[in-house]
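Take a look at the structure below.
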Amino acid sequence: MTAAGAQPLEQALAAIAAAPGSASALTLYALVCTLEQPRSGCLFRLDKLLDLEPAHRSIAYGLMETLATGGVATPEWRQLRARIEAVVRG
Numbered sequence: 018m019t020a021a022g023a024q025p026l027e028q029a030l031a032a033i034a035a036a037p038g039s040a041s042a043l044t045l046y047a048l049v050c051t052l053e054q055p056r057s058g059c060l061f062r063l064d065k066l067l068d069l070e071p072a073h074r075s076i077a078y079g080l081m082e083t084l085a086t087g088g089v090a091t092p093e094w095r096q097l098r099a100r101i102e103a104v105v106r107g
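Each residue of the sequence shown is one higher than the one before, counting from 18 in the numbering used here.
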């Protein structure tokens, strides 16, 4: 994953770390985890985007673009996702 590809995930980490128990944080976390499930079609309820404030919705769109460009499930992605998971789980 390039530095540009890492950016949305890094933004997600920052947003989640700022308020780990918030609805936005948990929605972004769910999206990150879902994007790693290609066998199930990376299913994510798009209506959950309505629960996000515009800045967080922009992060979600960036995460989806990362999927489209093949940046998901790389070693760097997995490392950042592990950090996100640690923040969410406290």
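We put the CB at the ideal spot given by N, CA and C, even for glycine. All of these numbers come straight from a predicted model, not from anything done at the bench.
- About 6 Å separates the beta carbons of E53 and V89, which is inside the 8 Å limit, making them a contact pair.
- With respect to the 8 Å criterion, R98 and V49 are classified as neighbours on the basis of their beta carbons.
- Annotation: A47 to A40 spans about 10 Å, alpha carbon to alpha carbon.
- Your pair A31 and L45 does not check out as a contact, with CB atoms roughly 10 Å apart and the cut at 8 Å.
- In the displayed model, L80 falls within a helix according to three-state DSSP.
- Comparing C-alpha distances from C59 to each of A85, Q96, R100, R95 shows the shortest one belongs to A85.
- Our two residues, G87 and W94, have alpha carbons roughly 11 Å apart in a direct line.
- In this structure, the alpha-carbon of Q96 lies about 10 Å from that of L26.
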